[in-house]
Amino acid sequence: MELSLVIRERVLGGSHSDVHYYLRFRGAVYCDMGQLNKCYDLWKHALELQQTHFAPLHLGTVTTFQSFQETFVMTINDFINQHHQLPGLRVKSSWVKYLFDRICLELERVVKYQGNLLEDTECCGREPCIHATEDGEIQKLVIVAVHLVNIIDRLSLPSMENSAEKDEDLAEKDVKLDVERLLRSCHLKRIPFLHYALEERLHDPESLPKAAVLAQFLECPDVDVNSKDKNGNTPLHIVLQARVPRGSLISLLLRHGAYLLARNDDGVVVWNELKRMHQGVDQERVCTR
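This is the structure:
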């Protein structure tokens, strides 16, 4: 780590927000220069300091998780678009696993925490912050975790292999994420994991999990495919609320026991929504003939 960053940390202490800010800022500069490994090292240190000194769900910690995930996605896309010519933009599976494990740790800290959460968050100059909510911050972590599982699935594809680094590729391919650990914490905290994972976010084109990723979640013992959120929606309701519901996700949920006659608090029945969706498809086919 660079001398100026070390001196700042020793003078101000590991809990000072300026220390974390400059670690992340310098890391972002390295990322822009195509040196993702240096960016990873600096952000990793910032994240460890935040989780050591801050209460769970602190704004700084959550935003660091989000920055990691967004950077991983963007650099993977750049790496592919540049035809693997920029090895400095290569995201390693071990990095993704480290971040995933840290999210699991953060959720475990939430489960064990005895005090009031978000009391030390001051994103708007007020203490506690009036914008952040416990459910909202937990949802952000879950969304990042789902993205990371998607990323691991992308990194396992043959198109991501680098012929110049075959030995390292083989080692990275063996990396597995402990999805059950994540879902165990969600179960203990009564977090509607599947609802968060399957909710479409218009600003995020990669928000929904792949069918293969959803299948991993559904194989875990702590997942209830018919659980309901605060509005009485089952995961199948959430999928059907998308602009274009994905048939692969619907089929997976049904194969794992999702109820066709499930009704939410607004009286919406899954079976009726499926019929309406298929009628719309049939009408569109007639109009285009």
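Take the sequence shown: its position 16, counting from 1, is numbered 16 in full-length UniProt numbering, and each next residue is one higher.
Virtual Cβ for every residue (Gly too), placed ideally from N, Cα, C.
Computed from a prediction, not measured in an experiment: that's the story for all the values here.
**Paired residues, beta bridge with Arg263 - DSSP** = The residue labelled residue 263 in the question sits at position 263 within the sequence shown. Answer is Val269, bridged to Arg263.
Apart from the five residues just before and just after Glu106, which ones in its own chain have a Cβ nearer than 8 Å to its Cβ?
-> Here residue 106 refers to the residue found at position 106 when the sequence shown is read from its first residue. Contacts found: Gln51, Pro56, Leu57, Thr61, Phe65 and Leu141.
Practice problem: Whole angstroms is fine: what's the gap from Glu137's alpha carbon to Glu70's? | Solution: The residue labelled residue 137 in the question sits at position 137 within the sequence shown. The residue labelled residue 70 in the question sits at position 70 within the sequence shown. Answer to the nearest angstrom: the Cα atoms are 16 Å apart.
Under a Cβ-count criterion, where at least 16 other Cβ atoms within 10 Å of its own Cβ denotes burial, should Ser67 be classed as buried or exposed?
Taking the first residue of the sequence shown as 1, we reach residue 67 at position 67. Flag for Ser67 reads buried.
Query - Assigned secondary structure, Tyr113 (DSSP; H/G/I helix, E/B strand, else coil) - result: Counting from one through the sequence shown, the residue named residue 113 turns up at place 113. Looking at Tyr113 - three-state DSSP - the assignment turns out to be coil, as it is neither helix nor strand.
query = Is Ile191 helix, strand or coil when you go by DSSP?
reply = Taking the sequence shown and counting its residues from 1, the one referred to as residue 191 is at position 191. Three-state result, Ile191: coil.
Worksheet item: Do you know whose CA, among Ala46, His45, Thr63 and Leu36, lies nearest Asp78's CA?
Response: Within the sequence shown, residue 78 is the residue found at index 78, counting from 1. Among Ala46, His45, Thr63 and Leu36, the Cα nearest to that of Asp78 is on Leu36.
query = Starting from Ala46 and walking both ways along the alpha helix (DSSP H), at which residues does that stretch end?
reply = As a working mapping, residue 46 is identified with position 46 in the sequence shown. That run of the alpha helix (DSSP H) goes Leu36 to His53.
Could you spell out the range, first to last residue, of the alpha helix (DSSP H) harbouring Gln216?
Locating residue 216 in the sequence shown gives position 216, counting from the first residue. Looking at the DSSP string, the run of the alpha helix (DSSP H) that includes Gln216 is Ala211 to Leu218.
Three-state secondary structure (DSSP) at Arg285?
In the sequence shown, the residue the question calls residue 285 occupies position 285. Caution is warranted here: a pLDDT of 36 is assigned to Arg285, below 50, making its placement in the model unreliable, and no coordinate value can be reported.
Considering only residues of the same chain and omitting the five flanking positions on each side of Ala242, which have a CB-CB separation below 6 Å? Within the sequence shown, residue 242 is the residue found at index 242, counting from 1. Only Glu200 meet the Cβ criterion.
Original post:
Between His278 and Leu194, what straight-line distance do the alpha-carbon atoms span, to the nearest angstrom?
Top reply: On the sequence shown, residue 278 is found 278 positions in, with the first residue counted as 1. On the sequence shown, residue 194 is found 194 positions in, with the first residue counted as 1. About 24 Å.
For Gly257, collect the residues of the same chain with a Cβ closer than 8 Å to its Cβ; drop the 5 residues on either side in sequence, then sort them by chain order. The residue given as residue 257 occupies position 257 in the sequence shown. Taken in chain order, the residues that qualify are Val225 and Asn226.
Tell me the rounded alpha-carbon separation between Leu99 and Lys112. Along the sequence shown, one-based indexing puts residue 99 at 99. Along the sequence shown, one-based indexing puts residue 112 at 112. So the alpha carbons of these two residues sit roughly 20 Å apart.
- Span of the alpha helix (DSSP H) holding Glu70? Walking along the sequence shown from the start, residue 70 turns up at place 70. Run containing Glu70: Leu59 to Asn81, per the alpha helix (DSSP H) assignment.
Helix, strand or coil, according to DSSP, for Ala164 in the structure here?
Looking up residue 164 in the sequence shown gives position 164. Legend: pLDDT at Ala164 = 46, less than 50; position of this residue unreliable, value from coordinates given subsequently. Of the three classes helix, strand and coil, the one that applies to Ala164 here is helix, per DSSP.
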